[in-house]
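Quick mapping for you: the protein sequence lines, in order, are chains A and B. Residue numbers for the first sequence follow the numbering used here, so the first one is 2 and each next one is one higher. Residue numbers for the second sequence follow the numbering used here, so the first one is 4 and each next one is one higher. The beta-carbon is built from N, C-alpha and C at its ideal position, and this holds for glycine as well. To keep things clear, I will list the structure first and then write my remarks on it.
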Amino acid sequence: MDTMDKVSFTEKGKGSIKNLKKYKNLLVELVRKNIKLQYRGSILGLFWTCLQPLLTMVVLSFVFSMIFGKNSVANYPVYLLTGRLLFDFYSGSTKKAMRSIRGNASIIKKVYVPKYAYPFSNIVSTFITFAISLIDLVVVIAFFNIFIPGKAIYITPCVLLAIIPIIVLAVLSTGVGFILATLQVFFRDVEYLYDVFCLLLFYMTPIVYTVDKLKLGSAAIVLKANPLYGIITAFRACVTGQTGLAGQKGLEATYGPGHLTKMFHLAVNTMTSWTFVYATIFAFVALGIGILVFKKKQDKFILHI
Amino acid sequence: MSKEELAKIEENDTEDVLLVSDEIAVKVDDVSILFNLNKEGVDSFKEYMIKLLKRQLHYDEFWALTDVSFELKKGERLGILGLNGAGKSTLLKTIAGVLKPYKGSVTVKGVIAPLLELGAGFDGQYTGKENIFLYGSVMGYSREFIASKYDEIVKFSELQKFIDVPLKNYSSGMKARLGFAIATAVEPEVLILDEVLSVGDAKFRAKSEKKVRSMFSKGVTVLFVSHSVDQVKSICNKAILLEHGKIIAQGTTDEVCAIYEEKTSKSLEAQMKDAVKDLNKVKNKIAKINKTAAETGEAVSAKVVKDVQVKVDDINREIGKAAPAAEEGDT
């Protein structure tokens, strides 16, 4: 009657592959729980995943087009939305991962569970809601193409290349998430500090503004040290062509012969530029450090939570 | 399960046969556990840096377990005795894999069902049904396996009516019932019991005890923590006695229980002696005060008299409390 395979975990922690296999279902259940419970009790439910970014886009584009004046960027709401969606995934997933160990202290203290399941399931569930919210981008671009013909954004097959910056972003978020989850167990301050840091990061990332509009001079290096800068720029280059960089502005409107080639060149150029290469290296280094730190400290968690 | 089978189990119950095989199920080898007890919790970064710079960052080391070793063969039942803080729960948590030994190793062969802290993996917002799948996954089971056991779990917990209600609306008894039903739905090879034989109301308690007993009769290896010597004697065939994280006695249940009883009665006796000593001290003081009062002719103030009387009453009460307990321990 016992259908379960009898795993003899002679030594827990070792034989990670076996462990991973055994607890695969835990990961799935935790992701399911995170998504199910996020909007439980609300009338619109999972629809909020799409509605919320759309509404914030309306608010932000209204406010910032008043500040910057009109026509600062063609199709400003689209520019804003691409940046915000990616940034929201980064900040949302890292914040949730950071709180996940303490948040599940009652379980971790009492039953054996592989601890990485908690931060990692939060990253995965946020990624899934992020993927759903990409529908917004389709809707908004379609809206602009239908109702504002002069400023249409033509989607090219280059959009498929956008998977690369998305993967880099996911790697970065996982790495940072694991580092923060470990730190937060030992120092609760990290939680509050990181909230403020994310606000700073929001303004240090070209989401509401374009880089060429800023007269930064040598201070630009601070902006470019932010790996999100390279990732978001690459994503925009693949999807809309709105890199916000001098010389490449307005490519989204240059539909005509050779548009696809131009878009392709833009995407490849952006992704081979040093900002994106730097962001990729940064992301994988963060992941390496995250896994290492988490693995080394996870047995001590129980003594601090 | 047919009636015949049930009858058979009950029969086994009364006989309580131990099915011991030569295979080793649990091996605890020189396990030590170290806790760092920092007096003032340093959990902010600022505090940490300040203390680090001032070199005040020393911890009080506390060995919750030192060099604990024992072996259990498949089918054996071990009772773990000890006073509060002796390290019983720490030992169980180490075997269950929650705590990692600082030194030494723990080897467990087969599926463990820790009946500790039932329902620790539950989520209040989730319904009973969703929680069955969540809790099952926390215990490392696949979704298909939990689905195959689902009906059995619901039936055993007697929560059919409430299975689609969020868990936050459950009573604590209902939660414990659900937790027990899930934890025992598997056919475990090693069962860890921490005095949880009392789940829910009397009816459910009888049912859960029966379930546990039926597992016994199938030759499960048991680790049982209890303060009740009678319970340990009725369940276990081996026992260990822990004191300050060390095994101070190991052997058959009767031997170890005898030592444990002696220990507990001794500690109660010691407490009683302390109390009597205190009382004598106070009595001497009263005599002294009375003497000085008589010699000097000074009147003892009403407040002092009252204070002394209160203290005497306190001590008398304490002795009154300790006496029956000590008697119990003696028998």
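Assuming the contact rule is C-beta atoms closer than 8 Å, residue i and residue j should be a hit. Round their C-beta distance to whole Å, please.
i	j	result
Ala123/B	Leu75/B	Going by Cβ atoms, the distance from Ala123/B to Leu75/B rounds to 24 Å, so no, they are not a contact pair.
Phe131/A	Leu86/A	7 Å
Glu99/B	Pro117/B	Checking the displayed sequence, the identity of residue 99/B turns out to be Ala instead of Glu. Ala99/B to Pro117/B, Cβ: 4 Å. Contact.
Phe236/A	Pro166/A	4 Å
Arg41/A	Gln128/B	6 Å
Lys178/B	Leu170/B	7 Å
Val193/A	Ala118/A	The question names Val, but residue 193/A in the sequence shown is Tyr. Between Ala118/A and Tyr193/A the Cβ distance is about 25 Å, and since that is not below 8 Å, they are no contact.
Ala106/A	Ile306/A	4 Å
Ile262/B	Ala252/B	5 Å
Gly345/B	Leu181/B	Chain B is shown from 4 up to 334; residue 345/B falls before or after that span and cannot be answered.
Val114/B	Leu94/B	With 8 Å as the limit, Val114/B and Leu94/B do not qualify as a contact, their Cβ atoms being about 20 Å apart.
Leu82/A	Leu138/A	6 Å
Val259/B	Ile238/B	About 13 Å separates the two Cβ atoms, so there is no contact after all.
Ser35/B	Asn26/A	Going by Cβ atoms, the distance from Ser35/B to Asn26/A rounds to 34 Å, so no, they are not a contact pair.
Taking residue i as the reference, give the member of the options with the closest Cα.
i	options	result
Asp300/A	Ala284/A, Val59/A, Tyr113/A and Val79/A	Tyr113/A
Ser94/A	Leu135/A, Val186/A and Gly176/A	Gly176/A
Ile292/B	Val111/B, Ser220/B and Val311/B	Val311/B
Asp32/B	Asn87/B, Ser108/B, Trp66/B and Leu102/B	Ser108/B
Phe183/B	Arg208/B, Ile166/B, Ile83/B and Leu81/B	Arg208/B
Glu335/B	Phe144/A, Phe188/A and Ala171/A	Only positions 4 to 334 of chain B appear in this structure, which leaves residue 335/B out of reach.
Gln39/A	Lys97/A, Tyr195/A, Leu21/A and Val140/A	Lys97/A
Ile156/A	Ser126/A, Phe121/A and Cys239/A	Cys239/A
His230/B	Leu21/B, Ala67/B, Leu84/B and Leu22/B	Leu84/B
Thr211/A	Leu21/A, Gln243/A, Ile129/A and Asn123/A	Gln243/A
Trp66/B	Leu162/B, Thr97/B, Leu95/B and His247/B	His247/B
Glu1/B	Lys288/B, Asp197/B and Thr130/B	As displayed, chain B neither begins before 4 nor continues past 334, which places residue 1/B out of reach and without an answer.
Arg100/A	Pro120/A, Ile149/A and Lys263/A	Pro120/A
Val209/A	Pro228/A, Arg33/A, Leu31/A and Pro78/A	Pro78/A
Val189/B	Lys206/B, Lys221/B, Tyr173/B and Ser174/B	Lys221/B
Ile168/A	Ile154/A, Val125/A and Ile292/A	Val125/A
Ile289/B	Met275/B, Asp277/B, Val307/B and Thr299/B	Val307/B
Asn227/A	Gly218/A, Asp213/A, Cys199/A and Thr241/A	Cys199/A
Leu1/A	Tyr80/A, Ala280/A and Ala220/A	Residue numbering for chain A in the displayed model covers 2 to 306; residue 1/A lies beyond these limits and cannot be assessed.
Glu264/B	Lys236/B, Ala278/B and Lys276/B	Lys236/B
Helix, strand or coil for residue i per DSSP?
i	result
Lys110/A	coil
Leu21/B	coil
Asn20/A	helix
Val259/B	helix
Phe38/B	strand
Pro207/A	coil
Gly254/B	strand
Phe128/A	helix
Pro78/A	helix
Phe188/A	coil
Pro169/B	strand
Leu68/B	strand
Lys263/A	helix
Glu50/B	helix
Leu27/A	helix
Gly222/B	coil
Leu45/A	coil
Ala226/A	coil
Gly242/A	coil
Ser274/A	coil
Ser174/B	coil
Ala153/A	coil
Glu321/B	helix
Tyr117/A	coil
Tyr40/A	coil
Glu26/B	coil
When DSSP builds the beta bridges, which residues end up paired with residue i?
i	result
Gly176/A	According to DSSP, which records beta bridges pairwise, Gly176/A is partnered with nothing at all.
Phe227/B	Gly82/B and Leu196/B
Glu272/B	Paired residue(s): none; Glu272/B is not in a bridge.
Val141/A	BP columns for Val141/A are empty, so no partner.
Val294/A	Val294/A is not bridged to any residue.
Val31/B	Phe73/B and Val109/B
Glu246/B	Lys249/B
Lys349/B	Nothing about residue 349/B can be read from this structure; chain B reaches only from 4 to 334.
Is any heavy atom of the ligand GDP found at a distance shorter than 7 Å from the C-beta of residue i?
i	result
Lys206/B	No copy of the ligand GDP occurs in the structure displayed, which carries no ligand at all.
Chain D beta carbons: is any one of them nearer than 8 Å to that of residue i?
i	result
Lys96/A	Absent from the structure is chain D; the protein chains it does hold are A and B.
What are the complete beta strand (DSSP E) segments, minimum 3 residues, inside the segment 185–214 of chain B? Runs of the beta strand (DSSP E) inside the segment 185–214 of chain B: 193–197.
Runs of 4 residues minimum, wholly inside the segment 83–166 of chain B: which ones carry the alpha helix (DSSP H) assignment? Runs of the alpha helix (DSSP H) inside the segment 83–166 of chain B: 91–99, 131–141 and 146–160.
Give, in chain order, every unbroken run of the alpha helix (DSSP H) that is at least 4 residues long and sits entirely within the segment 82–109 of chain A. The qualifying runs are 106–109.
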